[in-house]
Amino acid sequence: MPESDLAPGSKSLSKLESSHHPDFYFSDGSAIFSLKSVSQLGEESVVLYKLHSSVLGVRSTFFKSMFSLPRGPGSSAEVRSEGLVDENPIQLPSQFISRVDFDNLLIYLYRGPSDHPKTNEFLVSVLALSTFYQISDGRAHAISQLTHPGNVFHPALQFQLARFYRIDDWIEPAFRRLVEMPIESLDVIHIEQIGLHGFFHLVQIKEKLLQVRRQLAFHIPPTITHANCDTPAYCTHAWVREWKENVPRRLHHPDVPCDSVTLLRELENSDIDKLCKSCQALSISWLWGKGWSKQEEEVVEEGIAALMELQTGRGGPPLAGLEENNSGVTSDSE
Numbered sequence: 001m002p003e004s005d006l007a008p009g010s011k012s013l014s015k016l017e018s019s020h021h022p023d024f025y026f027s028d029g030s031a032i033f034s035l036k037s038v039s040q041l042g043e044e045s046v047v048l049y050k051l052h053s054s055v056l057g058v059r060s061t062f063f064k065s066m067f068s069l070p071r072g073p074g075s076s077a078e079v080r081s082e083g084l085v086d087e088n089p090i091q092l093p094s095q096f097i098s099r100v101d102f103d104n105l106l107i108y109l110y111r112g113p114s115d116h117p118k119t120n121e122f123l124v125s126v127l128a129l130s131t132f133y134q135i136s137d138g139r140a141h142a143i144s145q146l147t148h149p150g151n152v153f154h155p156a157l158q159f160q161l162a163r164f165y166r167i168d169d170w171i172e173p174a175f176r177r178l179v180e181m182p183i184e185s186l187d188v189i190h191i192e193q194i195g196l197h198g199f200f201h202l203v204q205i206k207e208k209l210l211q212v213r214r215q216l217a218f219h220i221p222p223t224i225t226h227a228n229c230d231t232p233a234y235c236t237h238a239w240v241r242e243w244k245e246n247v248p249r250r251l252h253h254p255d256v257p258c259d260s261v262t263l264l265r266e267l268e269n270s271d272i273d274k275l276c277k278s279c280q281a282l283s284i285s286w287l288w289g290k291g292w293s294k295q296e297e298e299v300v301e302e303g304i305a306a307l308m309e310l311q312t313g314r315g316g317p318p319l320a321g322l323e324e325n326n327s328g329v330t331s332d333s334e
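full-length UniProt numbering applies: residue 1 is where the sequence shown begins, and numbers increase by one.
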């Protein structure tokens with residue numbers, strides 16, 4: 001690239017200060033890479049890596065293809081020496097790759113699991129660059145560890161990673177967890193991770209669920225009187241009172257609202273004053289049979305179906321391609 005084509009204020013790589021990486025510049029390495037990095041003070045520098053083409057080529061389809069490119073006698077001296085000397089390294093695309101991410105990938109490739117950092121940031125780096133460089137075992141490892149039982153993994157980050165790295169199986173579980181969370185618990189970073197279209201569907205689904213619960217709270221279902229009930233009038237009055245006084249509180253509790261399935265299960269196990277067990281069981285069974293408990297699930301499935309159409313490209317551009325800025329992933333902690 002001509003120096004005149006560089007961004008204002010930037011320097012050509014040849015003019016930047018370069019240094020060997022303290023851990024990943026191997027004396028017996030066979031391929032030299034350079035990566036430009038910018039410090040927190042805005043200072044640019046170049047770090048050099050000297051790696052083993054055998055290690056990279058075995059693990060990465062991308063590097064295997066790159067190292068197999070011929071360097072015939074007709075090639076220029078610059079092409080023949082690329083990656084062999086510090087003065088002519090293979091330049092890694094710094095606009096897509098950070099030093100932290102590349103270092104984490106090399107830790108994964110060169111060191112055993114016991115030396116891997118036990119952080120989601122490390123796993124996200126491995127996932128991102130394993131996808132970029134077509135390292136199938138790295139991608140599988142990161143996906144497995146991020147969703148390992150006991151790992152604290154925010155659904156907004158999971159949804160973002162699913163979009164960016166086409167992990168289709170993550171869309172549904174991440175979205176279901178987001179639906180269960182209060183909208184006010186999501187901060188700006190979480191909303192950015194979910195993305196414009198994901199957040200639009202999340203808000204739409206939450207509003208539809210609220211409408212379903214309002215209908216359930218407002219419309220009192222009939223009392224189904226058992227044939228052997230001796231006090232049908234008392235049972236009807238008790239059922240109506242329970243629905244008016246307690247059901248709305250459960251469905252719209254400000255701290256712990258419950259869904260319709262949870263509500264019906266709670267009603268099944270409740271001792272409702274002056275309502276006989278036979279009438280109570282029949283009335284709740286009638287609600288199950290009418291599909292009241294399925295309405296919320298149908299709403300959630302509707303949202304998931306719309307997102308999956310976008311994710312797979314059947315409903316337009318893929319989810320990741322719909323965002324204005326999809327050049328990076330924000331990895332946050334819980």
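For every residue, glycine included, the Cβ atom is placed at its ideal position computed from N, Cα and C.
Extent of the continuous alpha helix (DSSP H) run through residue i
i: E242; result: 232 to 245
i: K274; result: Run containing K274: none; DSSP gives neither H nor E here.
i: P254; result: Here P254 belongs to no alpha helix (DSSP H), and DSSP marks it neither H nor E.
i: P155; result: 155 to 164
i: P149; result: Unbroken run through P149: none, as it is neither H nor E.
i: P173; result: 171 to 180
i: T225; result: No alpha helix (DSSP H) contains T225, which DSSP labels as neither H nor E.
i: G303; result: 294 to 312
Residue burial classification, residue i (beta-carbon count within 10 angstroms, cutoff 16)
i: G9; result: Per-residue confidence for G9 stands at a pLDDT of 40, beneath the threshold of 50, marking its modelled position as unreliable; no derived number is given.
i: D101; result: buried
i: Q40; result: exposed
i: G291; result: exposed
i: D259; result: buried
i: S283; result: buried
Sequence-distant residues of its chain with Cβ nearer than 6 Å to residue i (five each side left out)
i: L92; result: F33, L35
i: V212; result: Q295, E296
i: L178; result: P155, L202
i: S4; result: Low confidence applies to S4: its pLDDT is 37, below 50, so where it sits in the model is not reliable enough to give any reading.
Contacting residues, own chain, Cβ-Cβ under 8 Å from residue i (five flanking each side not counted)
i: I191; result: A156, F199
i: W286; result: P221, P222, I224
i: S94; result: L35, K36, S37
i: R99; result: L35, S37, V47
Residue i: first and last residue of the uninterrupted beta strand (DSSP E) it sits in
i: I189; result: That residue, I189, is in no beta strand (DSSP E); its alpha helix (DSSP H) goes 188 to 194.
i: I32; result: 31 to 38
i: P22; result: 18 to 25
Own chain partners of residue i with C-beta closer than 7 Å, once the 5 adjacent residues on each side are dropped
i: L209; result: E296, V299
Heavy atom of the ligand PLP within 6 Å of residue i beta-carbon
i: A281; result: The model depicted lacks the ligand PLP and carries no ligand whatsoever.
**OP:** Check whether the region 226 to 240 touches the region 274 to 285, taking contact to mean three or more Cβ pairs, one atom from each stretch, closer than 8 Å.
**Re:** Yes: the two stretches touch, three or more of their Cβ pairs being nearer than 8 Å.
Subject >> Segments of 4+ residues assigned as alpha helix (DSSP H) that fall wholly inside the UniProt domain "BTB" (49 to 118) >> reply: Runs found: 53 to 59, 61 to 67, 77 to 81, 99 to 110.
Original post:
Contact between the region 107 to 123 and the region 158 to 173: three or more CB pairs below 8 Å?
Top reply: A contact is defined here as three or more CB-CB pairs under 8 Å, and the region 107 to 123 fails this definition with respect to the region 158 to 173.
Original post:
Counting pairs of beta carbons, one from the region 23 to 32 and one from the region 40 to 50, are three or more of them closer than 8 Å?
Top reply: Contact holds: three or more Cβ-Cβ distances are below 8 Å.
Original post:
Are the region 105 to 117 and the region 131 to 145 touching, with three or more C-beta to C-beta distances below 8 Å?
Top reply: Yes: at least three Cβ pairs fall under 8 Å.
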